[in-house]
Amino acid sequence: MPDTPIVFEDVEVLSATDLTMRCRVGGIVVIIGRGQPLSGTTIRAAHDRGRLVLPRWAVHDLGLPEPAAD
Amino acid sequence: MMARDPVRAVGSPAVGEPIVSPAVVDLDALARWMDARGLGAGAIVGVERLGGGTQNVLLRFVRAGRPYVLRRPPEHKRKNSDETMRREARVLAALAGSDVPHPALIAAEPTIDVIGAAFYLMEPIDGFHAPSGLPEPHRSAPALRYRMGLAMVDGIVALGAIDHEAVGLGDFGRPENYLERQVERWRSQLASYADLPGYGGPQIPGVDRVARWLDAHRPSRFRPGIIHGDYHLSNVLFSRTGPELAAIVDWELTTIGDPLLDLGWLLATWPEPAGGQIGGAIAVQPWTGFPHADELVAHYRARSDRDLSAIDWYAVLACYKLGIILEGTNARAAAGQAPRATGDMLHAMTVALFERALGLIERGVGAR
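Shown next, in the form of structure tokens:
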């Protein structure tokens, strides 16, 4: 399901299981399935902090505001 | 939902503490009721509370040397609790003499006159609950575990093969437009959560995509039959000596529908790839040896004349339905009606189920 990737920086992984990650994206806490992050994502385990890349449809379904373009 | 309600003991009460409150089961009233049905005589002894994931009450006891298990709704009943007991008893009666492993029904009381709730008595099952831990020889034998997985399929093949009208269940459900109703039914359920204060919305990646795919790919026809409705590893007991099912338990969601949904439910909750939890805290260790999902499908296909060409659709529907059911607890948690930690855990399972659904849509059941 190809889609436009959306990049979030400074995302914190609050907790993680084999199937999901609970992340703080901006001020919003969401749970993301392991299969959703796209190439370029640098976070994986609890307490990681870094970049999260998601397809646009997942960003929409999670209710996340898209980051402002530079 | 996702109930673990097999017949197993959960421990003893403290000394001096009654094992069961008379408000839950009045043992004197029960004894009189059993007297009238010729079910032993004398005192009810050895009363033991059995556990599981649901709130229904299970009591094991002995009378005149014969063991019984009583099942009744929780002390604080829900609106449909008594009717659920009546339906369960009716199904168990209908399964008598069939190839479906099940607890044999001994007697049922449809009214609330005896103990304040409808209830029934069944035969105890000598078996084990795999997610609670595998005993020997199962623990040390991967080949045995492989056959355990196939035995789960055998259970629903046998159930789906029953002529529900011939066993008196012709009016037990509404198979008309069963598949057509499913997606809208559960979409409405999800939408209803918005009425709960504090619930900001589902935040489930893929929820609309999955619904659209289900609508677009719905099988055009099916052959009605009995469905268990919540068929997974936590709702069966296995033989202690072999791979066979000792019993399928927790029949509270049974209806007449498309039996392939039970296979879809099994696939949706199958703890792949490594025995991990999905769909409701189902995990079995060691997992090595259990068959892969596509082997479950192949086993079903070899033993049934049902058309499995759309089995992906049933598995996706099961993910969709179960995910929305679990999300309900998350919504209630947001409204302060359930523990927050439970809501978070079940929301994570919902997300994982929808991810599984998206994977099934892309790659199908056979993907490894």
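Protein sequences appear in the order of chains A and B.
Read in the numbering used here, the first sequence has 49 at position 49, and its numbers run on one by one without any break.
Counting from 1 along the second sequence, just add 70 to a position and that's the residue number in the numbering used here.
A virtual CB, placed ideally from N, CA and C, is assigned to each residue, including glycine.
### Query
Who pairs with residue 177/B in a beta bridge, going by DSSP?
Numbered from its first residue, the second sequence carries residue 177/B at position 107. Residue 177/B is bridged to 191/B.
### Task
Give the interface partners of residue 52/A over in chain B, defined as CB-CB distance under 9 Å, in chain order.
The residue given as residue 52/A occupies position 52 in the first sequence. What residue 52/A touches in chain B: nothing, since even the nearest Cβ is about 13 Å away.
### Query
Mind checking if residue 90/A is an interface residue toward chain B, Cβ cutoff 8 Å exclusive?
Residue 90/A falls outside the range modelled here, since chain A spans only 1 to 70, and no answer is possible.
### Query
Ordered along the chain, which non-local residues of its own chain (more than five positions away) have a Cβ less than 6 Å from that of residue 40/A?
For the purposes of this step, residue 40/A is identified with residue 40 of the first sequence, where counting begins at 1. Taken in chain order, the residues that qualify are 53.
### Message
Tell me the rounded alpha-carbon separation between residue 367/B and residue 153/B.
### Response
Numbered from its first residue, the second sequence carries residue 367/B at position 297. Numbered from its first residue, the second sequence carries residue 153/B at position 83. Whole-angstrom Cα-Cα distance: 34 Å.
### Task
For residue 412/B, count neighbouring Cβ atoms within 10 angstroms of its own Cβ and tell me buried if that reaches 16, exposed if not.
For the purposes of this step, residue 412/B is identified with residue 342 of the second sequence, where counting begins at 1. Classification for residue 412/B: exposed.
### Query
With DSSP run on the structure shown, which of helix, strand or coil describes residue 384/B?
To locate residue 384/B, count along the second sequence from 1; it is residue 314. It is helical.
### Message
Applying the 10 Å Cβ sphere with the 16-neighbour rule, what's the burial state of residue 20/A?
### Response
Here residue 20/A refers to the residue found at position 20 when the first sequence is read from its first residue. When all chains shown are included, residue 20/A counts as buried.
#### Entry: Contacts that residue 32/A makes with chain B (C-beta to C-beta distance below 8 Å)
On the first sequence, position 32 is the one that residue 32/A refers to. Correct list: 275, 421.
### Message
In the DSSP assignment, the alpha helix (DSSP H) including residue 15/A goes from what residue to what residue?
### Response
Your numbering for residue 15/A matches position 15 in the first sequence. Not the alpha helix (DSSP H): residue 15/A falls in the beta strand (DSSP E), residues 5 to 16.
#### Entry: Below-8 Å beta-carbon distance, residue 417/B vs any chain A residue
Locating residue 417/B in the second sequence gives position 347, counting from the first residue. Judged by the 8 Å Cβ criterion, residue 417/B is in contact with chain A.
#### Entry: Contact residues within the segment 383 to 415 of chain B, judged by C-beta distance below 9 Å to chain A
414
### Contact belief for residue 114/B with residue 97/B at Cβ below 8 Å, rounded distance in angstroms
Indexing the second sequence from 1 puts residue 114/B at position 44. Indexing the second sequence from 1 puts residue 97/B at position 27. Their Cβ separation, rounded to whole angstroms, is 5 Å, which keeps residue 114/B and residue 97/B in contact under 8 Å.
### Task
Flag residue 342/B as yes if its beta-carbon sits less than 8 Å from any beta-carbon of chain A, otherwise no.
Taking the second sequence and counting its residues from 1, one reaches residue 342/B at position 272. Output row for residue 342/B: interface = no.
### Task
Kindly indicate which three-state DSSP category residue 20/A falls into: helix, strand or coil?
For the purposes of this step, residue 20/A is taken as the residue at position 20 of the first sequence. Correct three-state label for residue 20/A: strand.
### Proximity winner among 164/B, 393/B, 102/B, 314/B, relative to residue 238/B (alpha-carbon distances)
Locating residue 238/B in the second sequence gives position 168, where the first residue counts as 1. It is 164/B.
### Query
Over what stretch of residues does the beta strand (DSSP E) that includes residue 250/B continue unbroken?
Residue mapping note: residue 250/B aligns to position 180 of the second sequence, counting from 1. First-last for residue 250/B: 248 to 262, but that is the alpha helix (DSSP H), not the beta strand (DSSP E).
### Query
So is residue 430/B buried or exposed if we call it buried at 16+ other beta carbons inside 10 Å?
Counted from its first residue, the second sequence places residue 430/B at position 360. It counts as buried.
### Query
Rounded to whole angstroms, how far is the Cβ of residue 324/B from the Cβ of residue 296/B, which I believe are closer than 8 Å?
Translated into positions along the second sequence, residue 324/B becomes position 254. Translated into positions along the second sequence, residue 296/B becomes position 226. Going by Cβ atoms, the distance from residue 324/B to residue 296/B rounds to 7 Å, so yes, they are a contact pair.
### Task
Could you tell me which residues DSSP pairs with residue 119/B in its beta bridges?
For the purposes of this step, residue 119/B is taken as residue 49 along the second sequence, with counting starting at 1. In DSSP, residue 119/B forms a bridge with 129/B.
### Query
Of the choices 228/B, 399/B, 364/B, whose alpha-carbon is the least far from that of residue 271/B?
Along the second sequence, one-based indexing puts residue 271/B at 201. Nearest C-alpha to residue 271/B: 399/B.
### Query
Whose C-alpha, out of 377/B, 228/B, 216/B, is nearest the C-alpha of residue 359/B?
Within the second sequence, numbered from 1, the residue matching residue 359/B stands at position 289. It is 216/B.
### Message
Quick check: is the beta carbon of residue 35/A nearer than 8 Å to any beta carbon in chain B?
### Response
Indexing the first sequence from 1 puts residue 35/A at position 35. Closer than 8 Å: yes.
### Query
With distances taken between CB atoms, is the gap from residue 177/B to residue 155/B smaller than 8 Å?
The residue labelled residue 177/B in the question sits at position 107 within the second sequence. The residue labelled residue 155/B in the question sits at position 85 within the second sequence. For residue 177/B and residue 155/B, no; Cβs fall outside 8 Å.
### Task
Name, going along the chain, the residues of the segment 4 to 31 of chain A whose beta-carbon falls closer than 8 Å to a beta-carbon of chain B.
17, 18, 19, 20, 22, 30, 31
### Task
Could you name each continuous alpha helix (DSSP H) segment of 4 residues or more that falls completely within the segment 355 to 382 of chain B, going from the start of the chain to the end?
363 to 373
### Query
According to DSSP, what are the bridge partners of residue 55/A?
Counted from its first residue, the first sequence places residue 55/A at position 55. 5/A, per the DSSP bridge assignment.
### Task
Return helix, strand or coil for residue 330/B, following the three-state DSSP convention.
Taking the second sequence and counting its residues from 1, the one referred to as residue 330/B is at position 260. Helix.
### Message
By the three-class DSSP mapping on this structure, what secondary structure does residue 148/B have?
### Response
Within the second sequence, the letter at position 78 stands for residue 148/B. Coil, per DSSP.
### Query
Of all the options 418/B, 376/B, 396/B, 338/B, which has the alpha carbon lying nearest to the alpha carbon of residue 385/B?
Counted from its first residue, the second sequence places residue 385/B at position 315. Comparing Cα-Cα distances from residue 385/B to each of 418/B, 376/B, 396/B, 338/B, the minimum goes to 338/B.
### Message
So residue 429/B contacts chain A; which residues on that side make the cut at Cβ distance below 8 Å?
### Response
Numbered from its first residue, the second sequence carries residue 429/B at position 359. Here the neighbours are 35.
### Task
Sort out for me which residues DSSP pairs residue 137/B with in a bridge.
One-based indexing of the second sequence puts residue 137/B at position 67. DSSP output for residue 137/B lists 132/B as bridge partner(s).
### Message
I believe residue 3/A touches residue 56/A by the beta-carbon criterion, under 8 Å. Please report the beta-carbon distance rounded to the nearest angstrom.
### Response
Start at 1 with the first residue of the first sequence, and residue 3/A comes out as number 3. Start at 1 with the first residue of the first sequence, and residue 56/A comes out as number 56. With a Cβ gap of about 5 Å, residue 3/A and residue 56/A count as contacting.
### Task
For the beta strand (DSSP E) holding residue 315/B, just list the boundary residues, first then last.
Here residue 315/B is taken as the residue at index 245 of the second sequence, counted from 1. Start and end: 315 to 318.
### Task
Mind listing the chain D neighbours of residue 271/B? Cutoff is C-beta to C-beta under 7 Å, in chain order.
Considering every chain present, this structure includes no chain D. Its protein chains are A and B.
### Expected contact under 8 Å - CB spacing of residue 260/B and residue 402/B to nearest Å
Counting from 1 along the second sequence, the entry for residue 260/B is found at position 190. Counting from 1 along the second sequence, the entry for residue 402/B is found at position 332. Rounded, the Cβ-Cβ distance is 13 Å, inconsistent with contact.
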